[in-house]
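Asks:
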Amino acid sequence: MATVFSSPESALVLGRPSLAEVTRTVAGIVERRTPRAWWVAFALTGSLTLVLLAMLGYLVSTGIGVWGNNSPVGWAFDITNFVFWIGIGHAGTLISAILYLFRQRWRTSINRFAEAMTLFAVACAAIFPMFHVGRPWRAYWLFPAPNAWLGLWPNFRSPLIWDVFAVSTYGTVSLLFWYVGLIPDLATLRDRAQSRARQVIYGVLSLGWRGSARHWNHYEMAYLLLAGLSTPLVLSVHSIVSFDFAVSLLPGWHTTIFPPYFVAGAIFSGFAMVVTLMVVARQAFGLQHLVTMKHLENMNKVMLATGLIVGYAYGVEFFIAWYSGNPYERFAFVNRALGPYGWAYWIMVAANVLAPQCFWFRRVRTSLPAMFLISILVNLGMWFERFVIIVSSLHRDFLPSAWGMFRPTWVDLLTLAGSFGLFLTLFLLFVRFLPLISMSEVKGMMAAREGV
Amino acid sequence: MPYSHKLHAGNLGIDCRYCHTGVEQSAQAGVPAAEICMNCHARVRSQSPLLAKVRESYQSGRPVPWVRIHRLPDYVHFNHQAHVLAGVSCAACHGRVDQMAEVRQVAPLSMAWCLDCHRDPAPYLRPPELVTRLDWQPERDPREIGSELMAARGIRPPLQCSGCHR
Amino acid sequence: MNGRRYWRSLGQRQDSPEFRQWLEREFPQLASEWTGSRRTLLRLMAASFGLAGLTACRRPAERILPAGRGIEGYVPGRPLYYATIMTLSGLATGLLVETHEGRPTKIEGNPEHPSSRGAATAFAQAAILGLYDPDRSRSVLRQGRRSSWEELAGFLPSHFRAAGRGEGLWVVSSAIGSPTLARLKALLLEKYPRARWIEYEPLGREQEWEGSRLAFGRALQPQLRLDQAEVILSLDADFLGLDCLAPAWIQDFARRRRISSPGGGMNRLYVVETAYSLTGAMADHRRRARPSEIPALAQELARALGLAGELPVLQPGPPRTWAEAVARDLRRHPGRCLVLAGPRQPAAVHALVHWINHALGNVGRTVHYTEPPVQTQAEGLRDLAAEAASGGLRTLVILGGNPVYDAPADLDFSTVMRKAPVSIHLGPEADETAALASWHVPEAHFLESWGDGRALDGTASIQQPLIEPLFGGKTAGELAAWIAGHPRQRAYDLVRDYWTARWPKGDAERLWQRSLHDGVIPETAFPAVRPVLDEPRLRALLAAPLPAGEELEVTFLPSASTYDGRFANNGWLQEAPEPITKLTWDNAALISPATARRLGLEAGDLAALERAGRRIVMPVWIQPGHADGAVSLTLGYGRLRCGRVGRGIGHNAYPLRLGGPSPHPAGLRLSKLGRKYPLAVTQEHHSMEGRPLVREATLDEFRRNPDFTAREGPKVERFSLFREHAYTQGHQWGMAVDLNACIGCNACLLACQAENNIPIVGKEQVRRGREMHWIRLDRYYAGGEDDPQVVWQPVACQQCEMAPCETVCPVAATNHSPEGLNDMTYNRCIGTRYCANNCPYKVRRFNFLDYHKGLEEIHKMAYNPDVTVRMRGVMEKCTYCVQRIEEKRIQAKAEGRRPLRDGEILTACQQTCPAEAIVFGDLNDPESRVSRLKRDPRNYSLLGELNTRPRTSYLAKLRNPNPELEGLESS
């Protein structure tokens, strides 16, 4: 159990700031004049977002043929990106909900940040199922809307339908959770606001929060309930995403280990993304004393743990493939490691299993450049994990006569890049206009400690 | 050009099949050739200006461009022959054409609507020889009549997709 | 066959004005015939009626356009069937053509015709697309510029009035099988006695007739009875593939492969060949040999059979052992065996083969001789070239064919053309020859013109048109009649006159009608002749020394896609994978793996090939099982003046092909260029990876354990999480494919493409793995790469009872019908492709792009109105031709709700299969053919262990090897 103020490396808040100072630092970021660096970054990511829109426009107007997908490889970058982004979206809720229920106080200064990231990741993820279909203008048939003209329902046996439910629920709950958590801070911003516009906007958003005892009472209750609600979701979403594969009969997909394996992987990649962004953000906005080495170190520990789980899963897959005695299964895994897409497999292993091992060493765990590099490697590795699972399983299945290869087109690549553009753009907007650290919680934590 | 089903089918009581010759032999009911109009109009109203187009078409062999009222999308394969021979009345889909001066679409022709009948055809069936008797009123409960016909003739409308979509 | 009901109306309307009017209105005002609601077509019609642009809308403001006058006995919306013929290299095969509202949409074989017996080849199937090819020449050309029929009509008579007795008048035509045209040829030569008429086919069979001249002193056509032969030896004769002169051969052969019980027997096939052919793939023993080695083998065989020559021709070694073993096997089956030689073999080999068959007592049993239905004289072109060189050539008339492109290279036909003061070319397209001709005359397609022709056995048939010529166009007969100044000049009159003149007055009309309806003219087959063998000359032949072999020999093959180049503009054929190599949209120089290693070549390397001072560049393809030290070049590609589809596709091999009295493989030089060329293949992996996909055994193994298929496959445990359907009610459709009969020709693939409106995607898309064919002919190699065996497996949707695709579709666009069909509903599909991912057979095809976009309107006339044209973004797949099932079901109801008969419903692939390898029917009827096949011990399900319960199953392949030859193949 870490203490709030103590030795620098283990402290959750450094330098004994007063509560007012906390407010000033965090709210200051939002109130200060927009720094030039922000504009530069925004221009960059904004144009990437435009690339994404252009690619999607081209796709819808021309057809899936603009991607490299083919027969037998019906899914490639599209679903890879989807699973990748959904995975990223896991850290937020995990940190906010589960760590909250477990009273892990070190979550406080990073949860807001992580939740925002979750939302944006889910937004990016949602694009791909929508646009990977051949006739996007009919994608609404995926939703169980009563239809008087056709009198048809979706096929509830299909994992893709389960996906629709899982992801949309997850998105909704995360959004609520995030917003409820924001309310007290929005009120703070409202009260500190100089311009009329800000007063109005933050005023409306803070839903008339006055900070009365009753407010706090209801707030805490609501927050607790939402935490309870979203906890199972953290586990359910990626389990269900994994069913897309596990429920099929394709060697390399048809695996019972997928749900836990996917959830662990998701948390793994989610934390990696939080670290990547946090390392940058805390430097950029001078939050070293609120987001301390302790936070980062803890997250690196989680990455180490989940990384080990993922590594274990890779191993077990091979063991089972051999142990099952199923020739197709065996071939699928030999082909995965030694086939034409072997290179992707080994990138995955190196980045997801080997790289995190460095976190055994405290010096690495606490070194900003090291963790920055490793977290990026992990994200790369996790993208390739999905690529390997999807493409290398599809391209060689049962009938050798139907085997083929997938080669991405420039549209594939730009769409992937564009999705990062969208993610980062949303993120920049967030850090510019909303408090990226939960002031109320930090203060609460400090207060609880000080007995003020 | 104007053509009144009310006058021809209603008042004059001409049977549907006199003009729509294909309805019992083909997927398509068929729209009559000018020739068929001329069978009567060679004598009746032979000089009427209203019929100029028909006469012209009969002479030149160039068709009269009738406007299509009942349309199904490309991917739906409806077969008149099958329905008429099973005892589905013209009126079931086209309504009381014999009362329409200008034909309009009365049924939605939606898939849900088709399925209502395909799932439970009994109330909509009648003895095949009566399908063109648009004014026919069953003297008993139509469901009874339908059920008997289904039993007697083994009528089982397709419910699978390929019944209509090929 | 509905034909019966309808022929009269056509027959009687022959000359009546309304019939003419009807034909004339066929196009472009086609819709005037058509009063119904086949929407895809309506859009086309609407457009041709000036409501253009509506094709784009999903719901155009449609007009119904009924005929001004009805046509007696014709019900809009119901297909009509007419019998006609297709002629290739002068030989006719009978067809039955389906028309909708006056447009031909589908071709089937004519069951009454002795040569096709209900089967149609890939070329015949694709002819529909050829008919609607917008690139066919549409007008008369003069010096390559647009001219008119009037101008031609002005020129021809005056020109030929000045032709005197025909000095310097040369006519080059394709092979003439048509009796009418033969008669016109005679008339023309009577009128111009000094003129010369040469029949030329690039893939002519001169060597065969020369061979029979050597053996019998006269040109004769061997007529095969493959159904009578226990043992067959083919010397480079691809008699099941592109050297097949009648689909009936395949049927006869396949019937002797079909084996119902372990007790039954099957024939044994030996093949000696250079490249891998369909026949080679069926062989029980295949011996690869360089072209020069085959005559030697033939002589060795003759010696081993004790015909002549006491001394062995071959050195001791495998080839000789092989020949001797085969000889013994043949001798064990006197009168029940057959030896064949292919058109690429020199006359001497053919002569020898005649002798061998004679000696084995096969004549009159497995083979008999008749007059040849066609004869060509390629060497006549040499005289023509000489005359041109000497300046004697005045007028050159080319009645069909494209000699500038395909004449022997050493004749340099283009200079001949340039030397001719006047040259008139009749052809379907403005091709290489048209470009050099002073006049080009559009030739009518066989589906739009009157004519006649003879099948291999001489049976004559009338070729009746299904539609008025779309772009005008005349037939060879019409042009010949015109030139000969014949009084009657319409093809219909010419043909009808010819035949009615041969019939008793009173009977003529009846016989004419009957011939039109049946598609054959009674009692026209050639009688058998019993020729005398000229043994002394044959002995002399055997004594003659054989030309020595070379390090790198060359042989030229017809193309399975373009034949001799004439089908180059047919997208269906171009995209149909070459059966063995699986190449599409290209040809390549085929070499063996060993030769490739020797020359340091890889598949796709560009190589320069030089011969007799001519040089071509071609990509190399490595063909397992190809003879070492030889290169096989596929003809018919690299057309430069051709429609948009075929222009510049592949590489032209004709420049290396020399004429001369006998084919010689010598003088080829091959050098690597160090550049790659992209080739599009539809199958990239060729081994079964030890999986029990195609199950195979020898006849003996099968007799010893008839249930070997069950043993080869893994145990199947029937267990399912879902509620199981009991498929016991009504019809339950299923299919059985006999791998022992399937010869791997593409007929089913093209029949399916024509029946189901399957789009062409083009080379680039094929390279990306997006070909749309609903049925795939998987070809696997078994054994070492140097000399493997080939097995076939046609794979279409298996219509699984526990279909993996159905459970995963999120919008329920693919569902199971109560009759066990795996229905695919295009208009519900949103295109997640999940079904395709989850299909273990990978038979689902996705419209990655809008492959029907940008087609010329006329192209759409080939569409089958009973099948939806799929838009981009939706999945599609084999449906067991559900539209045919429904059609027959409704027909049966209309005919007093009678039950469907077994064999009444034929899928497109089944109907056209010349080997009768595909059987479709009702599994709930224990007596149906398919049910009986499913009880066959050889029956097994592909990937049955996945518990998908496919409705399509396969009958294991059997081979019938000669025990004496154990272990000799690998050498």
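Protein chains in written order, with the working numbering: chain A, 1 to 452; chain B, 1 to 166; chain C, 1 to 971. Beta carbons: idealized from backbone N, C-alpha and C, even for Gly. Since the structure is predicted, the reported quantities are computational estimates derived from the model, not experimental observations.
(1) Using the beta-carbon count (16 or more within 10 Å), is phenylalanine 102 of chain A buried or exposed?
(2) Would phenylalanine 398 of chain A pass as an interface residue toward chain C - the criterion being a Cβ-Cβ separation below 8 Å?
(3) Report the start-end ranges of each alpha helix (DSSP H) in the segment 690-767 of chain C that is 4 residues or longer and not cut off at the edges.
(4) Measure the C-alpha to C-alpha separation of arginine 639 of chain C and proline 558 of chain C and round it to an integer number of angstroms.
(5) For the pair the segment 306-325 of chain C and the segment 585-598 of chain C, tell me if three or more CB-CB distances fall below 8 Å.
(6) In angstroms with no decimal places, state the Cα-to-Cα distance between asparagine 2 of chain C and arginine 929 of chain C.
(7) Just the Cα atoms here: how many angstroms apart are isoleucine 347 of chain A and cysteine 909 of chain C?
(8) What do you get for phenylalanine 846 of chain C, buried or exposed, if any count of 16 or more other CB atoms within 10 angstroms of its CB means buried?
(9) Counting only C-beta atoms, is alanine 145 of chain A closer than 8 Å to chain F at any point?
(10) Are any of the Cβ atoms in chain B nearer than 8 Å to that of proline 469 of chain C?
(11) What is the C-beta distance between cysteine 835 of chain C and threonine 814 of chain C, in whole angstroms, given that I count them as a contact (C-beta under 8 Å)?
(12) Going along chain B, which residues have a C-beta under 7 Å from arginine 287 of chain C?
(13) Name the chain C residues whose beta carbon is nearer than 9 Å to that of threonine 62 of chain A?
(14) Going along the chain, which residues of its own chain have a beta-carbon closer than 8 Å to the beta-carbon of threonine 825 of chain C, five neighbours each way excluded?
(15) Quick one: residues in its chain with C-beta nearer than 7 Å to the C-beta of arginine 718 of chain C, no 5 flanking neighbours on either side, listed in chain order?
(16) Shortest alpha-carbon distance to arginine 938 of chain C belongs to which of C/Ala386, C/His368, C/Val694 and C/Pro899?
(17) Is the Cβ-Cβ distance between leucine 542 of chain C and alanine 302 of chain C less than 8 Å?
(18) Spatial neighbours of alanine 37 of chain A within its chain, please: CB distance less than 8 Å, with the 5 preceding and 5 following residues excluded, ordered by chain position.
(19) Hey, how far is the Cα of arginine 932 of chain C from the Cα of alanine 697 of chain C?
(20) Run through chain B and tell me which residues come within less than 9 Å of glycine 151 of chain A, C-beta to C-beta.
(21) Where does the unbroken alpha helix (DSSP H) through leucine 205 of chain A begin, and where does it stop?
(22) Does the beta carbon of alanine 27 of chain A sit closer than 8 Å to a beta carbon anywhere in chain B?
(23) Could you check where the alpha helix (DSSP H) with threonine 23 of chain A kicks off and where it finishes?
(24) So which residues of chain B does glutamate 945 of chain C contact, with C-beta pairs closer than 9 Å?
(25) Which residue's Cα is closest to the Cα of tryptophan 197 of chain C: C/Arg257, C/Asp383, C/Pro104 and C/Gly211?
(26) Can you tell me whether threonine 952 of chain C is buried or exposed? The criterion is at least 16 other CB atoms within 10 Å of its CB, across all chains shown.
(27) Just tell me which of A/Pro17, A/His295, A/Pro260 and A/Arg336 has its CA closest to the CA of phenylalanine 113 of chain A.
(28) Say whether chain B places a C-beta atom closer than 8 Å to the C-beta of alanine 148 of chain A.
(29) Taking 8 Å as the cut-off, does the segment 55-71 of chain B touch the segment 133-146 of chain B (at least 3 CB pairs, one atom from each stretch)?
(30) If you measure beta-carbon to beta-carbon, which residues of the segment 90-106 of chain A are closer than 7 Å to chain C?
(31) Cα separation between cysteine 57 of chain C and proline 865 of chain C?
(32) Using a Cβ-Cβ cut-off of 8 Å, state whether cysteine 513 of chain C counts as contacting chain A.
(33) Buried or exposed: which applies to glutamate 230 of chain C, given that a residue is buried once 16 or more other Cβ atoms fall within 10 Å of its Cβ?
(34) Identify the contact partners of leucine 85 of chain B in chain C, using a Cβ-Cβ distance below 9 Å as the criterion.
(35) From the beta carbon of asparagine 39 of chain B, is the nearest beta carbon of chain C less than 8 Å away?
(36) CA-CA distance, arginine 138 of chain A and cysteine 642 of chain C?
Replies: Straight from the coordinates:
(1) Your numbering for residue 102 of chain A matches position 102 in the first sequence. By the neighbour-count rule (16 or more Cβ atoms within 10 Å), phenylalanine 102 of chain A is not buried but exposed.
(2) Locating residue 398 of chain A in the first sequence gives position 398, where the first residue counts as 1. Taking Cβ atoms only, chain C reaches closer than 8 Å to phenylalanine 398 of chain A, which makes this a yes.
(3) 699-704, 708-712, 747-755 and 763-767
(4) For the purposes of this step, residue 639 of chain C is identified with residue 639 of the third sequence, where counting begins at 1. For the purposes of this step, residue 558 of chain C is identified with residue 558 of the third sequence, where counting begins at 1. Answer to the nearest angstrom: the Cα atoms are 15 Å apart.
(5) no
(6) As a first step, residue 2 of chain C must be located in the third sequence, where it is residue number 2. As a first step, residue 929 of chain C must be located in the third sequence, where it is residue number 929. Only weak support is given to the placement of asparagine 2 of chain C: the predicted model assigns it a pLDDT of 34, under 50, and the value that follows is read from those uncertain coordinates. When rounded, the distance between both Cα atoms is 23 Å.
(7) Along the first sequence, one-based indexing puts residue 347 of chain A at 347. Along the third sequence, one-based indexing puts residue 909 of chain C at 909. Looking at the two C-alpha atoms, the distance is approximately 47 Å.
(8) Counting from 1 along the third sequence, the entry for residue 846 of chain C is found at position 846. By the neighbour-count rule (16 or more Cβ atoms within 10 Å), phenylalanine 846 of chain C is buried.
(9) Included in the structure are the protein chains A, B and C, with no chain F among them.
(10) If you number the third sequence from 1, residue 469 of chain C lands on position 469. It does not: the Cβ of proline 469 of chain C has no partner Cβ on chain B nearer than 8 Å.
(11) Mapped onto the third sequence, residue 835 of chain C falls at position 835. Mapped onto the third sequence, residue 814 of chain C falls at position 814. Indeed, because the Cβ distance is near 6 Å, the residues count as touching under 8 Å.
(12) If you number the third sequence from 1, residue 287 of chain C lands on position 287. Within 7 Å Cβ-Cβ: nothing; arginine 287 of chain C doesn't reach chain B, min ~48 Å.
(13) The sequence position of residue 62 of chain A within the first sequence is 62, counting from 1. Within chain C, the residues whose beta carbon sits less than 9 Å from that of threonine 62 of chain A are Leu849, Asp850 and Arg872, listed in sequence order.
(14) As a first step, residue 825 of chain C must be located in the third sequence, where it is residue number 825. Taken in chain order, the residues that qualify are Ala813, Thr814 and Asn815.
(15) Here residue 718 of chain C refers to the residue found at position 718 of the third sequence. Excluding positions up to five away in sequence, the list reads Asn947.
(16) Here the question's residue 938 of chain C lines up with position 938 in the third sequence. Comparing Cα positions, the closest option is C/Val694.
(17) Here residue 542 of chain C corresponds to residue number 542 of the third sequence, with the count starting at 1. Here residue 302 of chain C corresponds to residue number 302 of the third sequence, with the count starting at 1. Cβ atoms of leucine 542 of chain C and alanine 302 of chain C: closer than 8 Å.
(18) As a working note, residue 37 of chain A is residue 37 in the first sequence. Here the set comprises Ala284.
(19) Within the third sequence, the letter at position 932 stands for residue 932 of chain C. Within the third sequence, the letter at position 697 stands for residue 697 of chain C. If I take the Cα positions, the gap works out to 21 Å.
(20) In the first sequence, residue 151 of chain A corresponds to position 151, counting from 1. Neighbours of glycine 151 of chain A across chain B, judged by C-beta separation under 9 Å: Ser110, Met111, Ala112, Trp113, Leu115 and Asp116.
(21) Counting from one through the first sequence, the residue named residue 205 of chain A turns up at place 205. Unbroken alpha helix (DSSP H) run through leucine 205 of chain A: 196-205.
(22) Here residue 27 of chain A corresponds to residue number 27 of the first sequence, with the count starting at 1. No, alanine 27 of chain A does not count as interfacial toward chain B.
(23) Position 23 of the first sequence, counted from the first residue, corresponds to residue 23 of chain A. Element bounds for threonine 23 of chain A: 19-31.
(24) Translated into positions along the third sequence, residue 945 of chain C becomes position 945. Those within 9 Å of glutamate 945 of chain C in chain B number zero; the least Cβ separation is about 28 Å.
(25) Residue numbering aside, residue 197 of chain C sits at position 197 when the third sequence is read from its first letter. Considering only alpha carbons, the answer is C/Asp383.
(26) Residue mapping note: residue 952 of chain C aligns to position 952 of the third sequence, counting from 1. When all chains shown are included, threonine 952 of chain C counts as buried.
(27) As a first step, residue 113 of chain A must be located in the first sequence, where it is residue number 113. Among A/Pro17, A/His295, A/Pro260 and A/Arg336, the Cα nearest to that of phenylalanine 113 of chain A is on A/His295.
(28) Locating residue 148 of chain A in the first sequence gives position 148, where the first residue counts as 1. Yes, alanine 148 of chain A counts as interfacial toward chain B.
(29) no
(30) none
(31) What you label residue 57 of chain C is simply residue 57 of the third sequence in a count that begins at 1. What you label residue 865 of chain C is simply residue 865 of the third sequence in a count that begins at 1. Any reading at cysteine 57 of chain C must be qualified, since the residue scores a pLDDT of 38, below 50, and its modelled position is unreliable; the value itself is stated next. Rounded to whole angstroms, cysteine 57 of chain C to proline 865 of chain C spans 19 Å at the Cα level.
(32) Sequence index remark: in the third sequence, residue 513 of chain C carries index 513 (1-based). A quick correction: the sequence has glutamine, not cysteine, at residue 513 of chain C. No, because no Cβ of chain A sits closer than 8 Å to the Cβ of glutamine 513 of chain C.
(33) Within the third sequence, numbered from 1, the residue matching residue 230 of chain C stands at position 230. Within a 10 Å sphere around the beta-carbon of glutamate 230 of chain C sit 16 or more other beta-carbons, which makes this residue buried.
(34) Counting from one through the second sequence, the residue named residue 85 of chain B turns up at place 85. Chain C residues near leucine 85 of chain B: Ile890, Lys893, Ala894 and Arg897.
(35) The sequence position of residue 39 of chain B within the second sequence is 39, counting from 1. Asparagine 39 of chain B is outside the set of residues whose beta carbon lies under 8 Å from a beta carbon in chain C.
(36) Along the first sequence, read from residue 1 onward, the residue named residue 138 of chain A stands at position 138. Along the third sequence, read from residue 1 onward, the residue named residue 642 of chain C stands at position 642. The alpha-carbon atoms of arginine 138 of chain A and cysteine 642 of chain C are separated by roughly 42 Å.
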